[in-house]
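See below for the structure under consideration.
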Amino acid sequence: MKTPRILMCPPDYYGIEYEINPWMSRARGASPARARKQWRDLHDALLSLDVTIELMTPQKGLPDLVFTANAGLVFGTRFFSSQFAHPERQRETPYFDAWFAEHGFTVEHLPEGVFFEGAGDALFCGETLYAGYRIRSHAAGHIHLGDVLQRRVLPVELVDKRFYHLDTCFCPLAPGQAIYFPDAFDSYGRTVLEQHIPRLIAVDEKEAERFACNAVVVGKRVVINTGSDRLAADLLRAGYECRFVELDEFIKAGGSAKCLTLRLDGEDAATW
Ligand code: ARG
Numbered sequence: 007m008k009t010p011r012i013l014m015c016p017p018d019y020y021g022i023e024y025e026i027n028p029w030m031s032r033a034r035g036a037s038p039a040r041a042r043k044q045w046r047d048l049h050d051a052l053l054s055l056d057v058t059i060e061l062m063t064p065q066k067g068l069p070d071l072v073f074t075a076n077a078g079l080v081f082g083t084r085f086f087s088s089q090f091a092h093p094e095r096q097r098e099t100p101y102f103d104a105w106f107a108e109h110g111f112t113v114e115h116l117p118e119g120v121f122f123e124g125a126g127d128a129l130f131c132g133e134t135l136y137a138g139y140r141i142r143s144h145a146a147g148h149i150h151l152g153d154v155l156q157r158r159v160l161p162v163e164l165v166d167k168r169f170y171h172l173d174t175c176f177c178p179l180a181p182g183q184a185i186y187f188p189d190a191f192d193s194y195g196r197t198v199l200e201q202h203i204p205r206l207i208a209v210d211e212k213e214a215e216r217f218a219c220n221a222v223v224v225g226k227r228v229v230i231n232t233g234s235d236r237l238a239a240d241l242l243r244a245g246y247e248c249r250f251v252e253l254d255e256f257i258k259a260g261g262s263a264k265c266l267t268l269r270l271d272g273e274d275a276a277t278w
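7 is the number of the first residue of the sequence shown in the numbering used here; add one for each residue after it.
This is the structure in structure tokens:
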């Protein structure tokens, strides 16, 4: 297994400053000290799995920059920059683009007017790109990527506002194997997943709400928020070991382990 590389951004300016998903409430702000500790614990858990971590410089006034999964989609040395649905997050794009340009990636853009929120909504499982649309990303952006990358794209509609990015309800483990929360999809989407991914592990609503699907997969290790014991038992039976990190400060913004990371060795995403 080659050493996975992951991009993270320290939570120096993290907070709940606006409300763009049902998890966020300015009345229920984040604790900076707890957030810093939880982020550090995630960082250290990944380091202990021999992941190489690259760090972005945090920026004042950009509280969600910590969610690097939304920077864009990495494919080899190509970086397809996100086009955020909300103006609050559109301001992050110049910082992500600059980081990728400075680190040897070619920065590419999707057609104008198309919303696309990167590895939050576009996830490879094997050779196929699974693409969440409607709440944050347009299906057209995913189709465009499929053409450019010459990969099959399977768009799935996200129908529950709590699970507004694909990575909140779907997590590839390996080619042909993934975790999902069935109720986040309509029956068509569920059928697409069930027909193309032979080994699917379903999580229940209680664990889905603890962001059980928002996992960082490193080989046979799965790093997730605490409180998903049922999933951990199912994963163990499938040959995976869970590492829990308390991340409730980030759930206040609608994110967890996976959202706080972006794989830089992109197209191998599901094959660690
Ligand atoms: N507050 C952020 C937003 O609503 C959270 C992003 C979580 N990222 C993710 N990949 N699911 O955009």
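C-beta atoms are modelled at their ideal positions from N, C-alpha and C, and glycine is treated no differently.
For residue i, the residue or residues it bridges with in DSSP
i      : result
Leu13  : Glu60 and Leu268
Thr134 : Cys131
Cys248 : Val228
Ala208 : Tyr186
Val223 : Val228
With 16 other Cβ atoms within 10 Å as the buried cut-off, status of residue i
i      : result
Val80  : buried
Ser54  : exposed
Gln44  : buried
Lys264 : buried
Arg249 : buried
Ala32  : Note on identity: in this sequence residue 32 is Arg, with Ala being the wrong assignment. It is exposed - the Cβ of Arg32 has fewer than 16 other Cβ atoms within 10 Å.
Val228 : buried
Among the options, the one whose alpha carbon lies nearest that of residue i
i      : options                           : result
Arg142 : Phe85, Phe256 and Gly78           : Gly78
Phe85  : Leu242, Arg249, Arg42 and Ala125  : Ala125
Ala259 : Gln89, Val120 and Trp29           : Trp29
Ile203 : Cys219, Ala184, Tyr101 and Phe191 : Ala184
Cys175 : Pro181, Val154 and Asp127         : Asp127
Pro181 : His171, Leu206 and Asp173         : Leu206
Phe130 : Ile230, Gly35 and Val223          : Val223
Thr83  : Ala107, His92, Thr63 and Ser262   : Ala107
Residue i beta carbon near ligand 3 (any heavy atom closer than 7 Å)
i      : result
Thr174 : Ligand 3 is not part of this structure, which contains only ligand 1.
**Q.** Those runs of the beta strand (DSSP E) which lie wholly inside the stretch 44 to 121 and span at least 3 residues
**A.** 58 to 61, 78 to 81, 84 to 87 and 112 to 114
Q) How do the stretch 211 to 222 and the stretch 232 to 240 stand: do at least 3 beta-carbon pairs fall below 8 Å, yes or no? A) yes
Q) Any chance the stretch 154 to 174 sits against the stretch 125 to 139, with 3 or more Cβ pairs inside 8 Å? A) yes
Q: Let me know the alpha helix (DSSP H) ranges lying completely inside the stretch 133 to 180, each 4 residues or longer, listed in chain order.
A: 145 to 155
Q.
Contact between the stretch 8 to 19 and the stretch 180 to 197 is defined here as three or more beta-carbon pairs at a separation below 8 Å; is this criterion met?
A. no
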